[in-house]
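Data first, discussion second: the structure below is written as structure tokens.
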Amino acid sequence: MVLSAGGCASTSPAADSTAQPLPPASPIAADDAASDGAIRFLEDKAREDPHDFIARNKLVGYYLQKVRETGSVAYLELAGRAARESLASVPAELNVGGLAALTHVEFASHEFESARQHAEQWRSFEPESIAPLVMLFDVQLELGSYEAAAVTIRTIEQRAISSDGAAFDVATRQARLAMLRGEHDRARRAYESALAAAVQLDPAPRETIAWCHWQLGETAFARGDYEAAERHADDSLVVYPGYFRALASRARALAARGDLAGAIAGYEHVSRIVPDPAFIAALGDCYAAAGRDSDAAAQYALVEQIGRLSALNGVLYNRQLAIFRADHDRSVEQAYEDASKEYSVRRDVYGADALAWTALKSGRIAEAQAAIRDALRFGTDDARMLYHAGEIALAAGDADVSRTYFEQALSLSPAFDPLAAPRVRARLRARGA
Amino acid sequence: MFLRAFRRFDRRFKLRRRLLFLAILGLAVGPLFPGKALAHPLGNFTINQFSELIPGPDAITIRHIVDMAEIPTLQESPAIDLDGDGTLSDLDVQVYADRQAAVIARQLSLTVGAIASPLEPSGSRALLLSGAGGLRTIRIESEFRTGLDAHAASNFRTIRFSNSAFADRLGWREIVVRPAPGITVFDTDAFGNSLSDELRAYPEDLLASPLDERSASFSVSAGPPPAGSSVLRTRDGAPVVATRDRLAELIAVPEVTAWVMLVGLFIAAGLGAIHALSPGHGKTVVGAYLVGSRGTIRHALFLGLTVTVTHTAGVFGLGLVTLFAARFVSPEQLYPILGVLSGAIVLAMGLTLLVKRLRAALCVSQPAHHDHRDHDGEPHSHGGQVHSHGGSTHSHLPPGADESPVTMRSLLALGISGGLLPCPSALVVLLSAIALHRVGYGLLLVVAFSVGLAGALTAVGLAFVLAGRLLGGSARLARFSRILPVASAAVIAALGAAICWTAMVDAGNDIGAAFAAVFSHGDEPSFVGIGAVGILGLGLVFGLKHATEADHVVAVSTIVSEHRQLHRAAMVGALWGVGHTISLVAVGLIVLTLKVAISDAVAGWLEFGVALMIIGLGAGAVLRGVRGRPSVHVHRHDHDGAAHVHIHFHEDGSAHGHGEVQHAVARLGFKPLVVGAVHGLAGSAALTLLVLSQIDSAWLGLLYLSIFGLGSIAGMLAMSGLIGLPFALSSGAMNRKHHALQIAAGVLSILFGCWYAVQSSASVVAALVFSGRHY
């Protein structure tokens, strides 16, 4: 409601643009050698001069790009080290680049509250610039400060009109808002604009373009268009072979289209490259759907281990782990505690959904009902959320409401999950019979 | 330029020391974290790989190590646990290692010339190690070989290696080339040393992204590298010393016949001679010494003998160390120490000679009675020619006679310093000889090599002796010959200092690296004993180097400028060292007993205080130089019954052996002591104490301090002696020159002090310049 009151999208130059034909995906040469060379050059400079904050600030940018490309936490730690060293040698007042770097690192490390404070500070140093506003908007969205986010994006959009090069940043933020509000078409158009803007850049940013294709695939999957989802993932992989997000996205689309063997192969591949708990859990689900229960159990055990391995893992994967546990009825008390602890500081709709789901699984039905209301308050059209809402209504004894949610979920995305979608269907059949 | 060079030096030095602290810190803190909790800073889902390529004469061996972090190990566990009992038995692990080796063999590719060479696994083993979160990590070490045809190594071959195992996995990928004895590697994009100690210790304290070396190419030859090629280097850029050269080839001949042996010995002697003539073997020292001392042919021959014996003994000694004690100390660690030792001998000898000869030379304007009072009591005139003794001959041998310029002792010292540092190839000959069961022949080769080396040095010496005689014969040049001994002593001292310096820099590097490596294995108790000895050894080296830090040298130079005699200048340095040590030990006691650390802020202020002190000292020196107090004294006195008059200059009434009571003797005073103490309190001294607070045993800590102090005393003694040289030399000349030097020293000191003050106060000044938007 806050968001619709904001009415941000109507003034946006990007989202209103008429549907343009997508640029064909073509492979983009890897610039790994160049960026690795730059990293080593800057690392040498940093080593030589402990006060070279400029080299450190630049390193943060390169390290974060490595995180995006490889999913490696090691680079996130390096980035944090570089940003903090930079600010230790020159304070933020004189080193806005260092402050910006630190803010990005904190955002990537899910330290949203300090990222918000630093983004505010950054904006106070550079009141005319778009970059701190974009950062601030991202943080506000993650924290669930949607009212503030609506204000922020209006400022961003006004400034973007007179600013070249902001098109990509604006379009991707509009897309996120649209997804949040269940406006899948608007989101798709926004990502298409973002893709068009990214392709214009010179040199072409390989990972960014692949990311746009991947996002298009994600939105296609969300509205149940699995064929398009697979196609976009393939496009993404053409641009950037081996891109781990697209590999996972593709495996999920294959599973939804009934190619369980292909999905298993895809998840096996991607979980070897980047053992993200979500990928491993999905692999386990595919094994389970294929009847390979012991293989599934091994993957589920692995998910738990990863969460425990390091503090940073615990922070980064907190929400995924809670949902995974609720999905599989494992340590549901722990899952509920983690989700409710997180929701107390990070009040976004997906956090509300996680809280609702874990509350239901741990037997707190009233709390689950309140939380799922929070989660759905902007009309987010997400099959998984609708499935959770249906289960909660069912547990509360409201069969009709439950049935509506289940039907909505399946009509939106009939195969949203290899284990949950058949379960929903079974529930509907049981009712219908 | 000067300042920048200083700054860089300072920074490098401090950085290195900081690394050492971390190493020691690791030793102290290590036991708190059991197992390898910190082993995978790269993230616990990496698969890390290390390939060591070992080109040999008839095969190329590849040692390949895979270090799987916790998550990949978990992911692989079902594949490892073949019997499915949920536990990983030794058998499971060994079978897995063999299977992995077979897979990896297919993913490593090696081409020799243009031909792909298949790799045969020749052994593998796997180890389960404990990792973070109670999980395990697995380390697979496998070895592969591929044969080379007989002539492959004798021709120049280009070898290409690439690793596509676990190509899409995140991780550290490192390739190292380590040629087998007798093989030279050149024109390569790979390096000669491991940055991670073969995946045992990843660098984690710096901003360093993981290595990603997936391929390497290099050329090999059995002989020396071709002209114009670039040799294999370590990651620091130091060339990897060829483990064998032409000398070493002599031992590796297929069959040793009498003829081969004879030719081999001649070649060895020739190589020894060439080796002696290559830079850095003290030819100049020998020449300078013999010329300055008016040596004879006998001296030159004696010198040759000493060098031969020392060098042979050195090779044998180092050989024994390598054979029997390599586990505790490697020749690589000994080399720099021997280098420092041989440099120190030369330096000490040079300084001694310099002091002696300066005394003689500076007394030219006065009767040099003290140097010649032993000459049969007969009065003689010194009409400008110091040493034409009117036909009265005197022998420079045997040793012991004070006035004899050449003493056996210094000859021996010179010979030892020339032969102390064994030529690495001679060492390799000895080791290869033992390996090939040709010990006798090997020993002969080493002796022949040493003889050749000594022969060349002797020949150089003889050349100098003869040239010196020709010079000496000319009366016209006789005046020149007065300066010659002084100049030669100065050259010797300077060369000694240079040898010492480079060796110390090396030693600092090598020992630092070695001990960092030792400490990083702090969980192995066998290293702890060595660790203590190592800390102490390091204390000495760092003490020596510490004395040469810029702020110390500048401060001491202003005090030295007040003195005109070399031994006084040296004493200033020694006193500085004593003051430095006293404050160091005092603060050390406080730190050790009260367990308090010196805060950064306090250290910063102390550093600032040092800067102010340097400025003050500089100002004082300038004032003294400007005011000047030229005090020309006319003396009339008699010795040995002969009365004479002489004039001399001195400003502080330095005593020179007659009538001390007549001059006001300005003592060396407390100034150097106090300055040393302030230095001891400030800056890197505080850092030194930080090390101390990490050393468990208080006694070890105090011992370290004392040894550090000794090193700093010795280092500053030598430095101030060198600094004092121009002042001592100029004191014999007009006073004006001396004062100009003094003012120069003062101005330099003020400038340095100002710069140092700015440096120590903050780096914000630099920041203001760059406060742009860089992101």
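Residue numbers (the working numbering), protein chains in the order written: chain A, 1 to 433; chain B, 434 to 1208.
Beta carbons are placed, not taken as given, at the ideal position from N, Cα and C, and that holds for glycine.
For residue i, the three-state DSSP class (helix, strand or coil)
i: A:N318; result: helix
i: B:T891; result: helix
i: B:F619; result: strand
i: B:H497; result: strand
i: B:F624; result: strand
i: B:L863; result: helix
i: A:F378; result: coil
i: A:Q121; result: helix
i: B:V779; result: helix
i: A:L59; result: helix
i: B:H802; result: Residue confidence for B:H802 is low, a pLDDT of 40 falling below 50, so the modelled location carries little weight; the figure read from the coordinates is stated next. Of the three classes helix, strand and coil, the one that applies to B:H802 here is helix, per DSSP.
i: B:I537; result: helix
i: A:E126; result: coil
i: B:A655; result: coil
i: A:V112; result: Strictly speaking, residue 112 of chain A in this sequence is Phe, with Val absent from that position. Helix, per DSSP.
i: A:I28; result: coil
Own chain partners of residue i with C-beta closer than 7 Å, once the 5 adjacent residues on each side are dropped
i: B:L628; result: E607, P636, L644 and R668
i: A:E391; result: L360
i: B:V879; result: T745, V748, A859, V862 and L863
i: A:A255; result: A263, C286 and P418
i: B:F478; result: A502, I504, P505 and L603
i: A:H110; result: V315 and L316
i: B:Q1175; result: S994, A1054, R1057 and G1058
i: A:A395; result: L360 and I365
Short CB-CB distance (under 9 Å) between residue i and chain B
i: A:T208; result: no
i: A:L309; result: yes
i: A:A108; result: no
i: A:V274; result: yes
i: A:Q305; result: yes
i: A:D36; result: yes
i: A:K361; result: no
i: A:E380; result: Per the sequence shown, the amino acid found at residue 380 of chain A is Thr instead of Glu. Taking Cβ atoms only, chain B never reaches closer than 9 Å to A:T380, which makes this a no.
i: A:P418; result: no
Own chain residues within Cβ distance below 6 Å of residue i, not counting five before or after
i: B:L784; result: A926 and G1154
i: B:R496; result: E485 and E576
i: B:V1018; result: L1138
i: A:Q299; result: I280, L283 and G284
i: A:G217; result: A229, H232, A233 and S249
i: B:G1113; result: H1013, S1016 and L1017
Chain A within 9 Å of residue i, Cβ atoms only
i: B:D807; result: Because the pLDDT of B:D807 is 40, which lies under 50, any placement of that residue in the model is unreliable, and the question is left without a value.
i: B:N477; result: yes
i: B:L1123; result: Residue placement at B:L1123 cannot be trusted, given a pLDDT of 48 that sits under 50; what the coordinates show is reported in the next sentence. For B:L1123, the answer is no, since every Cβ of chain A falls outside 9 Å of its Cβ.
i: B:A565; result: yes
i: B:I1015; result: no
i: B:Y1189; result: no
i: B:D645; result: yes
Close-in-space but distant-in-sequence residues of the same chain around residue i (CB under 8 Å, 5 per side omitted)
i: B:S990; result: S1153, I1156, A1178, L1181 and S1182
i: A:A261; result: A290
i: B:H1147; result: Correcting the residue type first, residue 1147 of chain B is Ala in the shown sequence and not His. Counting only Cβ-Cβ distances below 8 Å, and skipping sequence neighbours, we find G976, L977, A980 and G1010.
i: A:W214; result: H232, A233, S236, Y243, R245, A246 and S249
beta-carbon residue i near the ligand SAM non-hydrogen atom, thresh 8 Å
i: A:T103; result: Absent from the structure shown: the ligand SAM. Ligands present: none.
Original post:
Using a Cβ cut-off of 8 Å, which residues of the stretch 72–86 of chain A contact any Cβ in chain B, in chain order?
Top reply: If the cut-off is 8 Å between Cβ atoms, the stretch 72–86 of chain A has S72, V73, A74, Y75, E77, L78, R81, A82 and E85 near chain B.
**OP:** Counting only runs of 4+ residues fully inside the stretch 139–218 of chain A, write out the alpha helix (DSSP H) ranges in chain order.
**Re:** Within the stretch 139–218 of chain A, the complete alpha helix (DSSP H) runs of at least 4 residues are 146–161, 167–180 and 184–200.
**OP:** For the stretch 622–643 of chain B, enumerate the residues whose C-beta is nearer than 8 Å to any C-beta of chain A, in chain order.
**Re:** Within the stretch 622–643 of chain B, those residues whose Cβ lies closer than 8 Å to any Cβ of chain A are, in chain order, L639, L640, A641, S642 and P643.
Original post:
What are the residues of the stretch 593–621 of chain B that lie near chain A, defined by any Cβ-Cβ distance shorter than 7 Å?
Top reply: If the cut-off is 7 Å between Cβ atoms, the stretch 593–621 of chain B has D601, R602 and L603 near chain A.
**OP:** Tell me the start and end of each unbroken beta strand (DSSP E) in the stretch 545–596 of chain B that is at least 3 residues and wholly inside, in chain order.
**Re:** For the stretch 545–596 of chain B, whole beta strand (DSSP E) runs of length 3 or above, ordered along the chain, are 548–550, 553–563, 569–580 and 590–596.
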